[in-house]
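A short worksheet on the structure shown next.
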Amino acid sequence: MSVYTRNRDEGLGVWFREEILNALSAVDDANWDVAQHIDAPEMRLYRKGFEAAIKAVATAFGLAYAPLSSHSGELTTRHTTLEL
């Protein structure tokens, strides 16, 4: 059994705000792409929890993030859903 350990002294470990927001947007886009095609109460509830998780990660980094479905249920571009 091998275990991979990453040297914590490797690199600066710095992330730019835009990179974090882009990652959150990519995950949100992927989830929204599936969720919008499944009209079931369970999916709507799952999506609400997913949105809460995405917003929590953004908040942990001190960022504001508006999930895709918070824009009247319409798909929007990344530039209109993210706030720097």
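Final position of the sequence shown in our numbering is 124; the numbers increase by one with none missing. A virtual CB, placed ideally from N, CA and C, is assigned to each residue, including glycine.
(1) Would you report the Cα separation of residue 56 and residue 67, rounded to the nearest angstrom?
(2) How would you call residue 62, buried or exposed, if buried means at least 16 neighbouring beta carbons within 10 angstroms?
(3) Quick one: grab the DSSP three-state call for residue 60.
(4) Would you call the stretch 70 to 89 in contact with the stretch 97 to 104, where contact means no fewer than 3 C-beta pairs closer than 8 Å?
(5) Tell me the DSSP secondary structure of residue 79 in three-state form.
Quick answer:
(1) Using only the alpha carbons, I get a separation of about 17 Å.
(2) Exposed, since its Cβ has fewer than 16 Cβ neighbours within 10 Å.
(3) In the structure shown, residue 60 sits in a helix (DSSP, three-state: H, G or I).
(4) No contact exists between the stretch 70 to 89 and the stretch 97 to 104.
(5) Coil, per DSSP.
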